Amino acid sequence: MEVDRVQAIASLSKQIDTIPLEFIRSENEQPAITTLHGVVLEVPVIDLSDSDEEKLVELIAGASKKWGIFQVVNHGIPDEAISKLIEVGKEFFELPKEEKEIIAKTPESGIEGYGTSLQKEIDGKKGWVDHLFHRIWPPSAINYKYWPKNPPSYRKANEEYAEKLRDVSDKLFKYLSIGVGLEGHEMKAASGGDDLIYMMKINYYPPCPRPDLALGVVAHTDMSSLTILVPNEVQGLQVFRDGYWYDVKYIPNALIIHIGDQIEILSNGKYKAVLHRTTVNKEKTRMSWPVFLEPPPEHEVGPISKLVNEENPSKYKSKKFKDYVYCKLNKLPQ
Numbered sequence: 001m002e003v004d005r006v007q008a009i010a011s012l013s014k015q016i017d018t019i020p021l022e023f024i025r026s027e028n029e030q031p032a033i034t035t036l037h038g039v040v041l042e043v044p045v046i047d048l049s050d051s052d053e054e055k056l057v058e059l060i061a062g063a064s065k066k067w068g069i070f071q072v073v074n075h076g077i078p079d080e081a082i083s084k085l086i087e088v089g090k091e092f093f094e095l096p097k098e099e100k101e102i103i104a105k106t107p108e109s110g111i112e113g114y115g116t117s118l119q120k121e122i123d124g125k126k127g128w129v130d131h132l133f134h135r136i137w138p139p140s141a142i143n144y145k146y147w148p149k150n151p152p153s154y155r156k157a158n159e160e161y162a163e164k165l166r167d168v169s170d171k172l173f174k175y176l177s178i179g180v181g182l183e184g185h186e187m188k189a190a191s192g193g194d195d196l197i198y199m200m201k202i203n204y205y206p207p208c209p210r211p212d213l214a215l216g217v218v219a220h221t222d223m224s225s226l227t228i229l230v231p232n233e234v235q236g237l238q239v240f241r242d243g244y245w246y247d248v249k250y251i252p253n254a255l256i257i258h259i260g261d262q263i264e265i266l267s268n269g270k271y272k273a274v275l276h277r278t279t280v281n282k283e284k285t286r287m288s289w290p291v292f293l294e295p296p297p298e299h300e301v302g303p304i305s306k307l308v309n310e311e312n313p314s315k316y317k318s319k320k321f322k323d324y325v326y327c328k329l330n331k332l333p334q
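Position 60 of the sequence shown, counting from 1, maps to 60 under UniProt numbering, and the rest follow consecutively.
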């Protein structure tokens with residue numbers, strides 16, 4: 001079945017300076033109307049190289065409770081590893097369509113592979129984005145069938161990034177644990193421990209003739225425990241705060257950390273999953289590389305028992321991660 005990729009639609013739309021109706025959002029979603037213009041949100045920026053662990057715990061827990069999002073600098077991932085990750089991702093999306101379609105998603109592949117739509121969109125509306133999903137850790141969860149063979153350095157760049165990323169994620173889980181009065185290992189253990197799955201997604205948002213009317217990805221919270229994201233330099237990430245949508249400031253080589261639904265659940269609501277969306281650009285291609293840290297499908301997630309008592313009763317049901325995903329993608333109540 002031939003699928004319309006947004007990259008191809010963008011090329012046609014550019015010539016006629018308009019976009020198909022299915023990409024035009026309703027007025028209460030259109031970026032031109034709903035963005036607080038002239039203000040760039042300076043979400044907390046945290047220096048992970050600080051030797052004062054108590055201070056890091058305080059900053060990370062504070063940002064996760066108040067914002068659900070923060071940026072980390074001096075995180076230990078070399079700039080070169082990040083620039084190689086960006087370079088090979090960009091090269092893949094610049095390949096001819098036929099070559100990208102070799103690893104297109106199929107009903108059997110589930111979420112992995114090259115694709116366009118992701119979940120049920122309200123009123124049949126579409127996001128201005130193509131994407132590629134594949135697991136990058138642990139080795140037992142990886143299926144190289146969904147990794148591009150071209151460019152040839154794609155695999156090496158992703159493996160090197162994944163290796164460095166694990167140190168960052170372990171630190172974050174530790175500080176988030178301590179930040180709600182748990183022992184350092186407990187939040188990661190409750191998320192799946194060493195079986196935690198690292199799912200790479202590359203978002204490709206081509207130039208859009210009417211960025212005032214379209215969205216790349218609609219407003220959502222992430223289903224993951226944590227999301228660790230590398231953006232390119234084109235502005236696009238927005239966060240909902242105090243009734244408005246704000247642009248999030250781009251910081252070169254910083255990692256953007258989103259608190260996802262599972263951490264909100266595990267913390268029994270102490271930490272907040274961030275509501276965010278992405279806008280698109282008229283002239284430039286925006287790309288981003290989020291890695292979703294997800295519990296294994298059969299792993300059951302619910303509020304950690306130490307965080308539940310008479311004053312703080314359980315706010316969420318416990319359920320297998322795969323069931324949570326099914327409900328969320330199909331817009332069913334949790």
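All C-beta atoms in this analysis are idealised placements derived from N, C-alpha and C, irrespective of residue type, glycine included. All values derive from a computational prediction rather than experimental measurement.
> What residue from R277, I82, N268 and K315 has the CA that sits closest to A190's CA?
Replying inline: Taking only the C-alpha atoms, the option nearest A190 is N268.
>> How far does the alpha helix (DSSP H) with P31 in it extend, from its first residue to its last?
In response: Where P31 is concerned, the enclosing alpha helix (DSSP H) stretches over P31 to T34.
> In chain order, what residues of the same chain have a beta carbon less than 7 Å from the beta carbon of V6, not counting five sequence neighbours either side?
Replying inline: By the criterion of a C-beta distance shorter than 7 Å, V6 is surrounded in its chain by T116, W128, V129, D130 and P206, once the five residues flanking it on both sides are discounted.
> Can the beta-carbon of P44 be found less than 7 Å from the beta-carbon of A63?
Replying inline: Result yes, Cβ atoms of P44 and A63 sit closer than 7 Å.
> Taking the alpha-carbon positions, what's the L255 to R277 distance?
Replying inline: For L255 and R277, the gap between their C-alpha atoms comes out near 17 Å.
>> Within the continuous alpha helix (DSSP H) that includes F262, where are the two ends?
In response: Looking at the sequence itself, residue 262 is Gln, so the reference to Phe does not match. Residues D261 to L266.
> Taking contact to mean at least 3 C-beta pairs separated by less than 8 Å, is the region 187-202 in contact with the region 286-299?
Replying inline: Taking 8 Å as the limit for Cβ pairs, the verdict is that the region 286-299 does touch the region 187-202.
> Can you name the start and end residues of the alpha helix (DSSP H) that E158 belongs to?
Replying inline: It is Asn, not Glu, that sits at residue 158 in the sequence shown. For N158, the uninterrupted alpha helix (DSSP H) run begins and ends at Y154 to G179, by DSSP.
> Assuming A81 and E160 make a contact with CB atoms under 8 Å, what is their CB distance in whole Å?
Replying inline: Between the beta-carbon of A81 and that of E160 there is about 5 Å, and that keeps the pair under the 8 Å contact cut.
> Alpha carbon to alpha carbon, how far is G113 from F321?
Replying inline: Here the C-alpha atom of G113 lies approximately 21 Å from the C-alpha atom of F321.
> If you scan the region 18-94 from start to end, which runs of the beta strand (DSSP E) of 3 or more residues do you find wholly inside it?
Replying inline: Entirely contained in the region 18-94, the beta strand (DSSP E) runs reaching 3 residues are, in chain order, 35-41, 45-47 and 69-73.
> Relative to the C-alpha of S288, which residue among S314, N232, G110 and D50 is closest?
Replying inline: Out of S314, N232, G110 and D50, N232 has the C-alpha closest to the C-alpha of S288.
> From K65 to K270, what does the alpha carbon distance come to, in whole angstroms?
Replying inline: Separation of K65 and K270 (C-alpha to C-alpha, rounded to the nearest whole angstrom) is 6 Å.
>> For L176 and P138, what's the separation of their Cα atoms in angstroms?
In response: L176 and P138 have their C-alpha atoms spaced approximately 22 Å apart.
> What are the start and end residues of the beta strand (DSSP E) that includes M199?
Replying inline: In this chain, the beta strand (DSSP E) harbouring M199 covers I197 to Y205.
> Looking only at C-alpha atoms, which of K100, V57 and A157 sits nearest to E87?
Replying inline: Taking E87 as reference, the option from K100, V57 and A157 with the minimal CA-CA separation is A157.
> With a cut-off of 8 Å, do at least 3 Cβ pairs link the region 45-52 to the region 66-79?
Replying inline: Using a Cβ-Cβ distance cut-off of 8 Å, the region 45-52 and the region 66-79 are in contact, since at least three pairs of beta carbons, one from each stretch, lie closer than that value.
>> With H, G and I counted as helix, E and B as strand and the rest as coil, what does DSSP make of V6?
In response: It is helical.
>> Judging by CA-CA distance, which residue of L165, V218, I265 and Y204 is the nearest neighbour of N312?
In response: It is I265 whose Cα lies nearest to the Cα of N312.
> Roughly how many angstroms separate the alpha carbons of S51 and V57, rounded to a whole number?
Replying inline: So the alpha carbons of these two residues sit roughly 11 Å apart.
> For S288, which three-state DSSP category applies?
Replying inline: Under the three-state reduction of DSSP, S288 is assigned to strand.
> What does a CB cutoff of less than 7 Å around E2 pick up in its chain, not counting 5 residues either side in sequence?
Replying inline: Since pLDDT at E2 reaches only 48, below the 50 mark, its modelled position is unreliable, and no value is offered.
>> Helix, strand or coil, according to DSSP, for Y114 in the structure here?
In response: Three-state DSSP puts Y114 in a strand.
> Got a sec, what are the start and stop residues for the beta strand (DSSP E) Y326 sits in?
Replying inline: Following the DSSP letters along the chain, one finds Y326 in no beta strand (DSSP E) but inside the alpha helix (DSSP H) bounded by residues F321 to L329.
>> For the alpha helix (DSSP H) containing A190, name the first residue and the last one.
In response: Run containing A190: E186 to S191, per the alpha helix (DSSP H) assignment.
>> For N281 and R135, I'd like the C-alpha separation in whole angstroms.
In response: Counting only the Cα atoms, R135 lies some 28 Å from N281.
> Relative to the C-alpha of I251, which residue among V218, D79 and G179 is closest?
Replying inline: Ranking V218, D79 and G179 by Cα distance to I251 puts D79 first.
> Straight-line CA distance for D170 to S49?
Replying inline: Near 14 Å, if we compare the C-alpha coordinates of S49 and D170.
>> Which of the three DSSP states is assigned to Q235 in this structure?
In response: In this structure, Q235 counts as coil in the three-state DSSP scheme.
>> Going by C-alpha to C-alpha distance, which of N253, I304, S11 and P20 sits closest to E94?
In response: If we check each option's Cα against that of E94, S11 comes out closest.
> If you draw a straight line from the alpha carbon of S140 to that of G243, how long is it in whole angstroms?
Replying inline: Cα-Cα distance, rounded: 43 Å.
> What separation, rounded to the nearest whole angstrom, lies between the Cα atoms of H37 and I202?
Replying inline: In a straight line, the C-alpha of H37 is about 27 Å away from that of I202.
>> For E186 and N150, which I take to be in contact (beta-carbon distance under 8 Å), what is that distance rounded to the nearest angstrom?
In response: Contact doesn't hold; Cβ gap of about 42 Å is too wide.
>> Can you give me the C-alpha to C-alpha distance between A162 and W147, rounded to a whole angstrom?
In response: Looking at the two C-alpha atoms, the distance is approximately 14 Å.
>> Alpha carbons only, please: which of I304, N309 and K126 is nearest the one belonging to A219?
In response: For A219, the nearest C-alpha among the options comes from K126.
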